Every structure is written in structure tokens, then in C-alpha cells.
Amino acid sequence: MSDSLAGLPQRFLRTPEAARYLGLSGRTLEKHRTYGTGPTYRKIGGRVVYALDDLKAWVDRGIKTSTADPGQGTVLPAKRHPGLVPYAGKERCVQRAVRA
């Protein structure tokens, strides 16, 4: 980000703007929300918004220097992943209730 944004309030993007920023389709970003593989988002009323810092942090999880570099994280594709508890790409420390 450029320093020209310093001092301004945090900017939030709606789904279409966030998708353009990431180079994805809006539908792909919606799927990431559904599967819990995408960037952190906020709900304001019925609107979904993304902070620029959260979008950048999500993209930065996939930083690699070569094909052999394991990196520090992985940006998962927008699909179901066995064992992943949907929560915007973060692990959630919640026990699930067992029904009798």
C-alpha cells in the first residue's frame, strides 16, 4: 500500500470491489465465504464488506519464493475441504455439540 493512505479511515470494499481487487470473480469470493477458505469479512446489516488489510493478509498467506518453498501458509481453493470448519480461513476453538 502507498503511504498516501496513511491517516485515512480504514476502507471497506463490497464483494464486487473486493473481487476486482483480488483478481477473482464475485462468485468465487462468495464461495470462499461459504466454505470458510476466504479472507475475513464483516457483516454490516445485510451487507458483506472486506477491509483492505484483511484482503492483503489473506493474499499474503500464499507468498512463495519458488516452487520448492513451502511458504508460511496456503490459500485454499474455493471448495469444500474435509475437516475444515468454515470460519473465514481461521481455526475456531469450539467444540461441537453431540446429539443423542
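-15 is the number of the first residue of the sequence shown in this note's numbering; add one for each residue after it.
Here a beta-carbon is modelled for each residue, glycine too, at the ideal position from N, C-alpha and C.
Since the structure is predicted, the reported quantities are computational estimates derived from the model, not experimental observations.
Would you identify the three-state DSSP class for residue i, choosing helix, strand or coil?
i, result
"Lys27", "strand"
"Thr12", "helix"
"Lys48", "coil"
"Leu(-8)", "coil"
"Arg76", "Reliability fails at Arg76, whose pLDDT of 47 lies under 50, so the model's placement of it is uncertain and the value that follows must be treated cautiously. Coil, per DSSP."
Just how far apart, CA to CA, sit residue i and residue j?
i, j, result
"Thr49", "Gln56", "11 Å"
"Arg11", "Ala2", "11 Å"
"Lys27", "Ala52", "38 Å"
"Val17", "Arg4", "Correcting the residue type first, residue 17 is Arg in the shown sequence and not Val. Cα-Cα distance, rounded: 16 Å."
"Leu13", "Gly29", "19 Å"
"Tyr34", "Pro23", "8 Å"
"Arg(-5)", "Val43", "17 Å"
"Ala41", "Thr21", "13 Å"
"Lys15", "Ile47", "22 Å"
"Cys77", "Pro0", "Reliability fails at Cys77, whose pLDDT of 46 lies under 50, so the model's placement of it is uncertain and the value that follows must be treated cautiously. Computed Cα separation, rounded: 31 Å."
DSSP has residue i in a bridge; who is on the other side?
i, result
"Leu6", "Paired residues: none, contrary to the question."
"Tyr19", "Tyr19 is not bridged to any residue."
"Arg(-2)", "Val33"
Could you say which of the options lies nearest to residue i if we only look at CA atoms?
i, options, result
"Ser(-8)", "Glu14, Leu36, Arg(-2)", "Going by the sequence as given, residue -8 is Leu instead of Ser. Selected option, being the one with the closest Cα: Leu36."
I believe residue i touches residue j by the beta-carbon criterion, under 8 Å. Please report the beta-carbon distance rounded to the nearest angstrom.
i, j, result
"Arg31", "Arg(-2)", "7 Å"
"Arg64", "Tyr25", "Not confirmed; about 19 Å, so no contact."
"Leu39", "Leu8", "Not really, about 10 Å apart at Cβ, beyond 8 Å."
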